[in-house]
Structure formats: structure tokens, C-alpha cells
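In the working numbering, the protein residues as written are 419 to 983.
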Ligand code: NFE
Ligand code: MG
């Protein structure tokens with residue numbers, strides 16, 4: 419048996435995640451992913467009015483703030499067989515696009531770039547060379563010598579004062595940090611600038627969602643956002659123009675800075691396109707509905723098995739039985755009462771904590787499976803569905819990225835995407851595509867209003883007896899689904915099967931590892947005391963543990979042993 423390393427808590431993620439790896443001969447040979455928190459959202463929804471479920475579920479997370487609201491109303495609408503006004507679809511789509519771009523920008527720069535970028539090395543850079551380099555990969559007008567010089571001076575004053583704030587305790591000087599000082603300075607500068615641009619995306623969420631982070635305007639049956647071009651108090655042309663101005667700014671940053679930085683940094687770490695493959699079954703759900711029923715979408719969804727794009731099977735509508743029938747959750751290695759793999763409508767959430775048992779139960783996360791298989795979800799899954807279905811907006815940005823990498827001397831194909839760096843690149847590709855699609859949906863909304871359609875809401879009607887629904891949404895971290903059973907108008911069961919649950923899932927009853935676990939196998943570990951490589955691969959999934967378990971121990975029982983690094 420190799421040496422065991424426990425990273426607990428793993429930081430720069432949302433929530434409490436513990437990762438254990440066994441290292442032998444400088445490589446990971448076994449891995450465990452353990453969610454170290456438990457909340458109770460699914461349980462407290464029982465017996466409540468389905469029309470308010472979204473307000474509870476939205477509080478599952480402070481990061482993917484909009485997504486559990488949208489998935490929840492979609493689940494109830496699906497149970498009732500509802501069709502929505504087009505304006506409601508477009509308004510929701512705009513919220514989704516703006517939120518996803520904000521989330522992807524923050525994930526790359528603020529949650530994961532420091533795994534690759536050595537802040538202290540940036541002090542040694544020549545700002546003039548950084549500017550030349552930045553201008554050679556992008557025509558973004560911000561990349562001037564003065565800009566990079568200013569950032570370097572700011573960084574120097576931080577370091578000299580000994581107050582490096584969020585940059586304290588990083589693995590600076592780690593042998594796996596390989597970027598030249600000029601590239602490090604470029605990334606630090608864009609880290610700071612990204613803070614400003616992500617805020618612009620939040621403003622768009624607030625325009626359509628009433629506020630940010632947690633939106634107020636969704637409702638079962640549509641949106642609670644009155645539209646009237648002649649009224650200052652409603653969504654009107656002035657608000658739409660403001661949203662366009664903000665979306666154009668975000669697009670400029672995403673398409674000229676973010677994606678180019680990922681390509682440039684990725685090419686300098688090209689070995690990481692071969693590391694972190696893991697589970698290569700993929701699931702994405704279609705999103706950005708274009709019609710009232712949810713049968714046409716601007717983002718493709720489906721499944722791919724064994725990394726083979728020829729196995730692509732689409733998910734075609736909000737009602738597609740292919741999705742509805744094939745999802746289950748196992749709790750064989752999760753801290754819940756054993757009930758065998760269950761379809762979510764029959765899902766049970768009864769906590770049963772045992773301590774961390776590597777061969778027994780070891781996580782608060784359940785283990786979702788599709789047709790009994792572990793599935794990787796997230797931007798990479800989404801981009802692969804786009805390639806497999808010849809989806810133009812995806813191909814445009816995949817080709818952009820591959821051509822740009824080629825110009826930097828790195829040849830990338832689909833095979834390289836199944837990797838740690840591939841997940842970062844796919845996220846940037848998805849963000850670039852969403853920047854285009856957000857503007858498209860803004861135009862669709864504007865045109866629909868110009869046609870005189872101001873409708874935003876259809877009243878839901880709850881029948882006697884039992885109805886069941888599923889609502890799905892391609893969230894920033896991947897395929898999200900909420901499953902509701904409604905009996906005589908009240909919730910009798912509610913299960914959230916969340917992107918991070920798919921990815922951080924523990925083993926199932928057959929011993930199949932989840933995507934985080936599988937992706938760590940074979941990762942190099944050059945300094946066991948500073949397992950930077952574990953962070954690289956896990957961060958590439960953008961973990962959110964609050965989402966994954968969405969369930970806090972009200973009695974305050976000890977649920978974690980902290981061994982901080
Ligand atoms: Ni809390 Fe989330 C997203 C959802 S989790 S971040 O995106 O759903 O995977
Ligand atoms: Mg759940």
C-alpha cells in the first residue's frame with residue numbers, strides 16, 4: 419500500500435470537501451472523495467406547497483445561486499404539463515447565461531488559476547514583455563505596458579507590506595509551477611480585472627432576476643417580471659439596452675481575455691491535457707429553451723459513453739423519457755440508510771453517519787448513476803455533446819481554441835479534452851459560446867416584445883391525486899435535475915440530483931468510483947507535503963459541496979476532522 423495523503427479541507431471551492439489519495443511511485447494509485455457536510459433541504463420540503471419550493475432550493479447554494487430556483491420551477495411545471503410564455507423562457511435564459519458566465523470567470527481566475535500561476539514569480543516579470551505577449555495572443559485593448567506595470571507595483575506593495583491577503587499560503591515556488599514570470603504577471607493582472615467583469619454579469623442577473631445573487635423573479639408558470647415598454651417600473655427598452663451594454667462588456671472579456679488565457683496557460687502546461695481523464699461517460703442536459711413547451715433548445719444535451727462521440731444519444735425535450743427513466747442514486751458508500759439504488763422519485767434521504775470508512779461509508783454525497791454508470795457532468799460534457807451533435811456555436815469556439823493552440827505549437831484534438839486541462843478549456847469554450855447566445859436571447863426577447871407579446875405567466879393548477887415531474891437545467895457545473903412528487907397539491911417527495919453530486923460521487927454498490935476519484939488515479943505527486951496536483955485535478959471540476967449534499971447536522975454532531983495543509 420502506498421502513502422496516504424488526506425487533503426481536508428480542500429479549499430478554493432464551495433463547501434467542505436475531503437480528498438484522500440494513496441500515492442505509490444510518485445503517482446496516485448487510489449482515491450476517495452468525501453463530502454463533509456450535510457444540510458436538509460430535500461427533507462424540509464416534504465408537505466410544502468410546490469409553488470414555494472424554489473425559494474428553499476435556491477438557498478442550497480451561494481455560488482450557483484440561480485440554478486436551483488430554475489430547476490425547481492421547471493420540475494413543478496413538468497409535473498403539471500405546463501407550457502410557458504415565450505417571454506418567461508427568454509428571461510430565464512438570460513439569467514442563466516449571465517450567471518453562468520459570471521461563474522465560469524470566477525472559477526478560472528479566482529478559484530483555480532492559482533494552481534497554475536505563481537503570484538510571487540510575477541514580481542520578476544518585465545511588464546513590457548508581458549504586454550507584448552498579451553498583445554500577441556489577443557487584441558483586448560486593456561493589455562498595455564502601463565496596465566501590467568501598475569499591477570506589478572500593486573502586487574509589490576502587497577508583498578512588501580506582508581499583507582498578501584487571498585494570496586497567502588499558496589504553493590508558491592512549487593516545482594510544478596512552470597510559467598515564465600511574464601505569463602504569471604499576465605494572469606495576476608487578469609485575475610484582478612476579472613473581478614470587475616464578473617460584476618457586470620451580476621448586474622445582468624439583477625436586471626432580469628430582481629436582485630443578485632439570489633433571484634426573486636421566477637415563479638411556477640413563468641416569471642414575476644412585468645414587461646411594459648412604456649412603463650419605467652417594469653422591464654422596458656431602457657433596461658434591455660442596459661443589459662445589452664453589460665453583456666457586450668462581458669463578451670469582450672470572455673472572448674478576448676478569458677479563453678485566450680486558458681489556451682495560453684494550457685499550452686504551457688500541455689502535459690495536463692493527458693492527466694485527469696477519469697470517468698469518460700458524460701451527461702449534459704439541453705438548455706436555453708426556444709419554445710413554450712421545451713422541445714427546442716439552443717444548448718444540446720445527451721449522453722456519451724466510454725469517451726466515444728459515436729455513442730451520442732440526445733436528450734430532446736423537458737419530457738424525454740430517456741432522461742426521466744435512467745437516473746438513479748446509490749447510497750452504498752454514503753452516510754444514509756441503505757436502500758439500494760433508487761430512482762429519484764422513490765429516493766430516500768435518511769442520514770446514518772459512521773465516520774470515514776474507506777471500504778464502507780465515507781461521504782455525505784450520494785452516488786448518482788445513469789443506466790447504472792457513473793457520469794462526468796460539466797462544461798466538458800456540454801462541449802462534447804456540442805461536438806457530437808455538430809452544434810455550430812460549440813464548433814465555432816472549439817475550432818477557435820484548437821487553431822489558437824496550434825499557433826502556439828500545441829496540437830489539440832477531442833482526445834485531449836478528456837483531461838484536467840481539457841475541463842478548463844471546455845469551460846472557457848462554453849463561456850465564449852454563452853456570450854454569443856446571451857445576446858441572441860436578448861434579441862429574441864426584444865423582438866417578441868416588439869410583436870406585442872407582453873405575457874409572462876400562466877397560472878398553475880394542481881390536480882387531486884399524484885403527479886410527478888422532473889426539471890433539469892445545465893448549470894455551470896453541469897447537469898442539474900430536481901425531481902418532485904406532488905400529492906393533492908403538496909410535495910410528498912423532493913430529490914435534487916446535482917452536478918457536483920454526479921462528479922464528487924463516492925463509489926456505488928458495484929464499487930464503481932465517481933469522476934473525482936477516477937480522475938485522480940495516475941496523477942503525479944512530486945511533493946506529498948504539498949499535493950498541488952490533487953488540487954489541480956479536483957479544481958478542474960469546480961466543486962460545490964453545498965450543492966452536492968444540499969442536506970447541516972442540526973444537532974451539531976462532529977462530522978469532520980480537520981487536517982489543514
Ligand atoms: Ni453550488 Fe451548483 C452548479 C448546482 S453544483 S454550485 O453549477 O446545481 O454542482
Ligand atoms: Mg439529492
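We treat Cβ as the ideally placed atom computed from N, Cα and C, and that holds for glycine.
{"Check": "Residue ranges of each beta strand (DSSP E) within the segment 869-938, 3 or longer", "Outcome": "884-893, 896-905, 908-915"}
{"Check": "Separation of residue 933 from residue 733, as counted between CA atoms", "Outcome": "21 Å"}
{"Check": "Beta-carbon proximity check, residue 954 vs residue 812, cutoff 7 Å", "Outcome": "no"}
{"Check": "Closer than 6 Å: residue 460 CB and nearest ligand 1 heavy atom", "Outcome": "no"}
{"Check": "For residue 685, three-class secondary structure by DSSP", "Outcome": "helix"}
{"Check": "Proximity winner among 514, 465, 450, 499, relative to residue 849 (alpha-carbon distances)", "Outcome": "514"}
{"Check": "Nearest-angstrom Cα separation, counted from residue 899 out to residue 709", "Outcome": "20 Å"}
{"Check": "Residue 558 in three-state terms, based on DSSP", "Outcome": "coil"}
{"Check": "Endpoints, alpha helix (DSSP H) assigned at residue 691", "Outcome": "Looking at the DSSP string, residue 691 is not in any alpha helix (DSSP H), and its letter there is neither H nor E."}
{"Check": "Touching by the beta-carbon criterion (3+ pairs, under 8 Å), the segment 831-845 and the segment 744-758", "Outcome": "no"}
{"Check": "Nearest-angstrom Cα separation, counted from residue 454 out to residue 978", "Outcome": "Bear in mind that the predicted position of residue 978 carries a pLDDT of just 38, short of 50, making it too unreliable to give a figure here."}
{"Check": "Heavy atom of ligand 2 within 6 Å of residue 914 beta-carbon", "Outcome": "yes"}
{"Check": "Ligand 1 heavy atom lying under 6 Å from the CB of residue 481", "Outcome": "yes"}
{"Check": "Cβ of residue 625 within 7 Å of any chain B Cβ", "Outcome": "In summary, chain B is missing from the structure at hand, where a single protein chain is found."}
{"Check": "Residue 485 CB to nearest heavy atom of ligand 1 below 6 Å", "Outcome": "yes"}
{"Check": "Inter-residue CB distance, residue 570 and residue 603 (contact presumed, cutoff 8 Å)", "Outcome": "6 Å"}
{"Check": "Cα-Cα separation between residue 434 and residue 783, rounded to whole angstroms", "Outcome": "11 Å"}
{"Check": "For residue 658 and residue 505, the rounded distance between their alpha carbons", "Outcome": "13 Å"}
{"Check": "Per DSSP, the bridge partner or partners of residue 424", "Outcome": "438"}
{"Check": "Limits of the beta strand (DSSP E) - the one that residue 706 falls within", "Outcome": "705-707"}
{"Check": "Secondary structure of residue 787, DSSP reduced to three states", "Outcome": "strand"}
{"Check": "Validate contact between the segment 859-873 and the segment 673-681 using beta carbons, cut 8 Å, 3 pairs", "Outcome": "no"}
{"Check": "Contacts around residue 908, its chain only, beta-carbon distance under 8 Å, and the 5 residues preceding and following it disregarded", "Outcome": "465, 466, 467, 468"}
{"Check": "Anticipated Cβ contact below 8 Å, residue 401 with residue 902, distance rounded", "Outcome": "Past the edges of the chain, shown from 419 to 983, lies residue 401, and the structure says nothing about it."}
{"Check": "Own chain residues within Cβ distance below 8 Å of residue 938, not counting five before or after", "Outcome": "437, 439, 446, 449, 694, 696, 952, 955, 956"}
{"Check": "Chain-order list of residues whose beta-carbon lies under 6 Å from that of residue 862 (same chain, five-residue window excluded)", "Outcome": "508"}
{"Check": "Range of the contiguous beta strand (DSSP E) that encloses residue 717", "Outcome": "715-717"}
{"Check": "Alpha helix (DSSP H) runs contained entirely in the segment 517-569, provided each spans 4 or more residues", "Outcome": "545-555"}
{"Check": "Sequence-distant residues of the same chain with beta carbon closer than 7 Å to residue 806, five excluded per side", "Outcome": "722, 727, 730"}
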